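J.: First the structure, then my questions, so here it is.
Chains as they are written, first to last, in the numbering used here: chain A, 1337 to 1449; chain B, 110 to 221.
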């Protein structure tokens, strides 16, 4: 299976940390991504992680990958109102000449001032 | 670079009408994609192309057609619009299959 699942909604207070979770079912994923979609706009890549890594940090963003549980998370430190958006995880699978990117359902992050 | 541009931004169609959603990219990307986004459903891939003259179906191709005569352009055609095609449509492009996808601003389509 190639489903990528996320919870639909997350609400946090400004200044707190946000943790957005994602589970995927295909163990042959080689790259995993986090995209951000602001209201009325297309998606933009935030960060990505190779499947041979456990963690990646980029300023306020920390990505954790648990390959055993097929679980990916995005932590946003010191969440700001400008972080309010929909966050999508996505996985890239390439196997025997076949390749595709599958996006999750998206998590809407609401930051309360 | 303008990136990925889409036209129109909004459109209302009557059932049975046809239309073409335009998508152009100026980054010389080989890969181009069409997605639809429905509330709470994430993005569903309609069609994609790995280069000029090559297209393939995604998860939800029924009711749509595409062509890729140039590297820059990847139009999406709806032949007989149905209410189930009410959605927001996004075009995207990438250099390779695993590379960052660049998205256009979207087309909000309503079929009544």
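We treat Cβ as the ideally placed atom computed from N, Cα and C, and that holds for glycine. Note that the structure is a prediction, hence the values are computed from the model and not measured.
How big is the Cα-Cα spacing for residue 1428 of chain A and residue 1436 of chain A?
T.: In the first chain, residue 1428 of chain A corresponds to position 92, counting from 1. In the first chain, residue 1436 of chain A corresponds to position 100, counting from 1. Distance between the alpha carbons of residue 1428 of chain A and residue 1436 of chain A is about 6 Å.
J.: Taking residue 214 of chain B and residue 115 of chain B to be in contact with their CB atoms under 8 Å, please state how far apart those CB atoms are, rounded to whole angstroms.
T.: By 1-based counting over the second chain, the position of residue 214 of chain B is 105. By 1-based counting over the second chain, the position of residue 115 of chain B is 6. So it is a contact: roughly 6 Å between Cβ atoms.
J.: Once DSSP output is grouped into helix, strand and coil, what is the label at residue 1337 of chain A?
T.: As a working note, residue 1337 of chain A is residue 1 in the first chain. Annotation note: pLDDT 45 at residue 1337 of chain A (below 50); position unreliable, no value reported.
J.: Relative to the alpha-carbon of residue 1395 of chain A, which residue among A:1401, A:1404, A:1388 and A:1410 has its alpha-carbon at the smallest distance?
T.: Taking the first residue of the first chain as 1, we reach residue 1395 of chain A at position 59. It is A:1410.
J.: Please report the distance separating the alpha-carbon of residue 158 of chain B from that of residue 137 of chain B.
T.: Here residue 158 of chain B refers to the residue found at position 49 of the second chain. Here residue 137 of chain B refers to the residue found at position 28 of the second chain. Spanning the two alpha carbons is a distance of roughly 13 Å.
J.: With a Cβ-Cβ cutoff of 8 Å, do residue 1344 of chain A and residue 1408 of chain A count as a contact?
T.: One-based indexing of the first chain puts residue 1344 of chain A at position 8. One-based indexing of the first chain puts residue 1408 of chain A at position 72. Cβ atoms of residue 1344 of chain A and residue 1408 of chain A: not closer than 8 Å.
J.: Got a sec? Which residues, its chain only, sit under 8 Å from residue 206 of chain B by beta carbon, not counting five neighbours each side?
T.: Taking the first residue of the second chain as position 1, residue 206 of chain B is located at position 97. Cβ within range, chain order: 140 and 159.
J.: I'd like the span of the beta strand (DSSP E) that includes residue 1411 of chain A, first residue to last.
T.: In the first chain, counting from the first residue as 1, residue 1411 of chain A sits at position 75. Start and end: 1407 to 1412.
J.: What residues of chain B sit near residue 1430 of chain A, judged by a beta carbon separation below 8 Å?
T.: Residue mapping note: residue 1430 of chain A aligns to position 94 of the first chain, counting from 1. Simply 206 and 207.
J.: What are the boundary residues of the beta strand (DSSP E) that includes residue 161 of chain B?
T.: Locating residue 161 of chain B in the second chain gives position 52, counting from the first residue. Neither: residue 161 of chain B is in no beta strand (DSSP E) and is coded neither H nor E.
J.: Whose Cβ in chain A lies nearer than 8 Å to the Cβ of residue 199 of chain B?
T.: Taking the second chain and counting its residues from 1, the one referred to as residue 199 of chain B is at position 90. Under the 8 Å cutoff, chain A gives 1378 and 1379.
J.: Output the boundary residues of the beta strand (DSSP E) element that contains residue 128 of chain B.
T.: By one-based count along the second chain, residue 128 of chain B stands at place 19. 128 to 134 is the extent of the beta strand (DSSP E) around residue 128 of chain B.
J.: Determine, using beta carbons only, whether residue 197 of chain B and residue 124 of chain B come nearer to each other than 8 Å.
T.: Residue numbering aside, residue 197 of chain B sits at position 88 when the second chain is read from its first letter. Residue numbering aside, residue 124 of chain B sits at position 15 when the second chain is read from its first letter. Not a contact, by the Cβ cut-off of 8 Å.
J.: Do residue 201 of chain B and residue 142 of chain B have their beta-carbon atoms positioned less than 8 Å apart in this structure?
T.: Counting from 1 along the second chain, the entry for residue 142 of chain B is found at position 33. Counting from 1 along the second chain, the entry for residue 201 of chain B is found at position 92. Taking 8 Å as the Cβ cut-off, residue 142 of chain B and residue 201 of chain B qualify as a contacting pair.
J.: For residue 210 of chain B, name the three-state secondary structure that DSSP assigns.
T.: One-based indexing of the second chain puts residue 210 of chain B at position 101. Residue 210 of chain B falls in the coil class under three-state DSSP.
J.: Give the interface partners of residue 1439 of chain A over in chain B, defined as CB-CB distance under 7 Å, in chain order.
T.: The residue labelled residue 1439 of chain A in the question sits at position 103 within the first chain. Ordered by position in chain B, the residues that pass the 7 Å Cβ test against residue 1439 of chain A are 151 and 152.
J.: Give a yes or no on whether 8 Å exceeds the smallest Cβ distance from residue 1367 of chain A to chain B.
T.: By one-based count along the first chain, residue 1367 of chain A stands at place 31. True, the Cβ-Cβ gap to chain B drops below 8 Å.
J.: Please state whether the Cβ-Cβ distance between residue 187 of chain B and residue 128 of chain B is less than 8 Å.
T.: Counting from one through the second chain, the residue named residue 187 of chain B turns up at place 78. Counting from one through the second chain, the residue named residue 128 of chain B turns up at place 19. Yes, Cβ-Cβ distance for residue 187 of chain B and residue 128 of chain B is below 8 Å.
J.: Any C-beta of chain B sitting closer than 8 Å to the C-beta of residue 1433 of chain A?
T.: Within the first chain, residue 1433 of chain A is the residue found at index 97, counting from 1. Not one chain B Cβ lies under 8 Å of residue 1433 of chain A.
J.: Rounding to the nearest angstrom, what Cα-Cα distance links residue 1431 of chain A and residue 1449 of chain A in this structure?
T.: The count along the first chain starts at 1 and reaches residue 1431 of chain A at position 95. The count along the first chain starts at 1 and reaches residue 1449 of chain A at position 113. Each residue's Cα considered, the two are about 45 Å apart.
J.: At which residues does the beta strand (DSSP E) containing residue 1356 of chain A begin and terminate?
T.: Position 20 of the first chain, counted from the start, is the residue given in the question as residue 1356 of chain A. Taken as a continuous stretch (DSSP letters only), the beta strand (DSSP E) holding residue 1356 of chain A covers 1354 to 1360.
J.: When you compare the CB of residue 170 of chain B with every CB in chain A, is at least one pair closer than 8 Å?
T.: Sequence index remark: in the second chain, residue 170 of chain B carries index 61 (1-based). So, not an interface residue.
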